[in-house]
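Scroll down for the structure; my scribbles are underneath it.
There are 2 protein chains.
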Amino acid sequence: MAGMTDAHVAGLRERKKQRTRWALVDAALDLFLAKGYEATTIDEIVAAVDVSQRTFFRYFAGKEDIALSLLTGYDTLFIAALAERPPAEPPVPALLASLDVSLEAIRESDEADTARFRKLHRLIDGTPAVAAGQLRRFAETEQAAARIIARRAGTDVVADPRPHLVVASFMSAVRVAYETCVRDEIVEPADVVPRVRGLIALAVETLPGAWSAAP
Amino acid sequence: MAGMTDAHVAGLRERKKQRTRWALVDAALDLFLAKGYEATTIDEIVAAVDVSQRTFFRYFAGKEDIALSLLTGYDTLFIAALAERPPAEPPVPALLASLDVSLEAIRESDEADTARFRKLHRLIDGTPAVAAGQLRRFAETEQAAARIIARRAGTDVVADPRPHLVVASFMSAVRVAYETCVRDEIVEPADVVPRVRGLIALAVETLPGAWSAAP
DNA sequence: CGAAGTTATGGCAGCTACTGACAAATGACA
DNA sequence: TGTCATTTGTCAGTAGCTGCCATAACTTCG
Chain D
468 MAGMTDAHVA GLRERKKQRT RWALVDAALD LFLAKGYEAT TIDEIVAAVD
518 VSQRTFFRYF AGKEDIALSL LTGYDTLFIA ALAERPPAEP PVPALLASLD
568 VSLEAIRESD EADTARFRKL HRLIDGTPAV AAGQLRRFAE TEQAAARIIA
618 RRAGTDVVAD PRPHLVVASF MSAVRVAYET CVRDEIVEPA DVVPRVRGLI
668 ALAVETLPGA WSAAP
Chain A
468 MAGMTDAHVA GLRERKKQRT RWALVDAALD LFLAKGYEAT TIDEIVAAVD
518 VSQRTFFRYF AGKEDIALSL LTGYDTLFIA ALAERPPAEP PVPALLASLD
568 VSLEAIRESD EADTARFRKL HRLIDGTPAV AAGQLRRFAE TEQAAARIIA
618 RRAGTDVVAD PRPHLVVASF MSAVRVAYET CVRDEIVEPA DVVPRVRGLI
668 ALAVETLPGA WSAAP
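From first to last, the protein sequence lines stand for chains D and A.
Residue 468 is where the first sequence starts when you use the working numbering, and the numbers rise one by one after that.
Residue 468 is where the second sequence starts when you use the working numbering, and the numbers rise one by one after that.
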């Protein structure tokens, strides 16, 4: 995969849009790291790319959104992969396989995305607003994944909450894995990916026993 | 328990502060429900209680904070209960027992808190900003709980991520339980409490098997 | 190639959340 | 009652975010 962010073939208009979009993202990440997230204003970001503030808000919902915009691509990949898994497969193996797809995408990203990944992971550490945005992202992905798992099982998320329970538990493990990376300042995709895999494996061997110990 | 919110004995100053605090909360919840969360301004809230806007921000960090302020008391109760559990007890039973303490507190709240609880649950449904605040609350409680569980086990959250994994999984089940209440418009504490208990029981019998099915 | 149509951009005006600094008021306490 | 500590109000300002309309840029089709 050559990266989630390149517009291979498209009209000039579309290519231009992608270019300004990622120029904004890069400018934002650089400024956030240079002078702090809160201290950076939208005006400074748009000045660096020479677009109007109004244009910024046509591309991104806000500061939080631009900071995390890199990751939405990997989320989409995860959900798409999950939807492709064979329906007979149990939930956790399906989730594991789909997670692997997104992890591979992270590992095989081009240099531009890798640089953004590094910067983002360094940013999240010590920036509560961005960390809160992460929570929102995970929650959204969880909703989507739960719907898919429920459909696979032939049930409905409203009628049967068990798919939601399983997905929420799984996603919380993934979230904890990423949080340990941020905490330990592991920013290289090449290091993050095995760390996440390792923590998920640890969850697989820890959680059944932990939940079974309930009276 | 007569409610988390009453200032039994204290100086006049402290009693006055509590009164304005909860007057602000009630005014805010009423306005949020009457004309929508986003459409309600801080100015309208403070006008209803006749305090200055500046005072509002001395009591609450913002709109999101005042909406969820009722729940912080129950969170504190949960964490305090967890810290009191015998160290020999396994994590999930300890978490279950502590959850029961906060659920009992919700059930036995006085009428004022019960009314707030109802309003809040009706508000969260269809108000993404407040729902996002809920996520933050759960994350904070999760951090605190993970530290306690790790200390009980004689380890450290940094050295050993397993306590964090277990707590995150547990809290995600609690969160899913509350989310189903909001979705199904179950707002009465008397109905919410058994629903949460039921979903946690379902998690206990579902999750071990689900996680064990991993290859 | 050029005109007509579509879509992105810029500029502006305005609202609202939120904060710092200082002055005024109000409960606490001797 | 007078002094002290704490809370409150006022004011001015910053910054995120949005609607509106004119203009510029790409696209498409004759």
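Yeah, the Cβ is synthetic: ideal placement off N, Cα and C, and Gly gets one too.
Residue-chain proximity (residue i, chain D), Cβ-Cβ < 9 Å
i                      : result
residue 612 of chain A : no
residue 678 of chain A : yes
residue 639 of chain A : yes
residue 675 of chain A : yes
residue 532 of chain A : no
residue 603 of chain A : yes
residue 554 of chain A : no
residue 536 of chain A : no
residue 649 of chain A : no
residue 576 of chain A : no
residue 521 of chain A : no
residue 571 of chain A : no
residue 635 of chain A : yes
residue 625 of chain A : yes
residue 663 of chain A : no
residue 646 of chain A : yes
residue 559 of chain A : yes
residue 642 of chain A : yes
residue 599 of chain A : yes
residue 606 of chain A : yes
Reference residue i; option with closest CA among the options
i                      : options                       : result
residue 566 of chain D : D/557, D/680 and D/660        : D/660
residue 663 of chain A : A/493, A/571 and A/623        : A/571
residue 514 of chain D : D/493, D/550, D/505 and D/588 : D/493
residue 548 of chain A : A/649, A/616, A/678 and A/622 : A/616
residue 606 of chain D : A/603, A/574 and A/490        : A/603
residue 679 of chain A : D/505, D/600, D/483 and D/636 : D/636
residue 544 of chain A : A/561, A/551, A/569 and A/536 : A/569
residue 517 of chain A : A/532, A/486 and A/528        : A/486
residue 600 of chain A : A/628, A/524, A/532 and A/672 : A/532
residue 588 of chain D : D/627, D/479, D/496 and D/552 : D/496
residue 537 of chain A : A/579, A/551, A/524 and A/658 : A/579
residue 652 of chain D : D/592, D/639, D/670 and D/673 : D/592
residue 672 of chain A : A/640, A/650, A/658 and A/540 : A/640
residue 670 of chain D : D/658, D/550, D/622 and D/560 : D/560
Beta-carbon separation (whole angstroms), residue i vs residue j, contact threshold 8 Å
i                      : j                      : result
residue 620 of chain A : residue 630 of chain A : 6 Å
residue 558 of chain D : residue 677 of chain A : 6 Å
residue 585 of chain D : residue 654 of chain D : 5 Å
residue 542 of chain A : residue 608 of chain A : 5 Å
residue 546 of chain A : residue 611 of chain A : 5 Å
residue 675 of chain D : residue 675 of chain A : 4 Å
residue 628 of chain D : residue 666 of chain A : 6 Å
residue 552 of chain A : residue 564 of chain A : 6 Å
CB contact below 9 Å: residue i versus chain A
i                      : result
residue 671 of chain D : yes
residue 666 of chain D : yes
residue 567 of chain D : no
residue 659 of chain D : no
residue 656 of chain D : no
residue 622 of chain D : no
residue 652 of chain D : no
residue 447 of chain D : Residue coverage of chain D in this structure runs from 468 to 682, which leaves residue 447 of chain D outside it and unanswerable.
residue 629 of chain D : yes
residue 632 of chain D : yes
residue 482 of chain D : no
Beta-carbon contacts of residue i that lie in its chain and below 7 Å, excluding the five residues immediately before and after
i                      : result
residue 581 of chain A : 656
residue 526 of chain A : 488 and 491
residue 624 of chain A : 613, 614, 617, 630 and 631
residue 519 of chain D : 513
residue 649 of chain D : 588, 591 and 592
Nonlocal neighbours in the same chain, by C-beta distance under 8 Å from residue i, ignoring five residues either side
i                      : result
residue 504 of chain D : 530, 534, 590, 594, 596 and 597
residue 498 of chain A : 507, 511, 512 and 515
residue 522 of chain D : 487 and 513
residue 539 of chain D : 604
Sequence-distant residues of its chain with Cβ nearer than 6 Å to residue i (five each side left out)
i                      : result
residue 642 of chain D : 605
residue 633 of chain D : 558
residue 483 of chain D : none
residue 638 of chain D : 605 and 609
residue 550 of chain D : 615
heavy atom of the ligand GTP below 8 Å from residue i C-beta
i                      : result
residue 645 of chain A : Annotation note on the ligand GTP: not contained in the displayed structure, which lists no ligands.
Length at least 4, wholly inside the stretch 497 to 560 of chain D: the alpha helix (DSSP H) runs in chain order: 509 to 516, 520 to 526 and 530 to 551
Entirely enclosed alpha helix (DSSP H) segments - the stretch 625 to 676 of chain A, minimum 4 residues: 629 to 650
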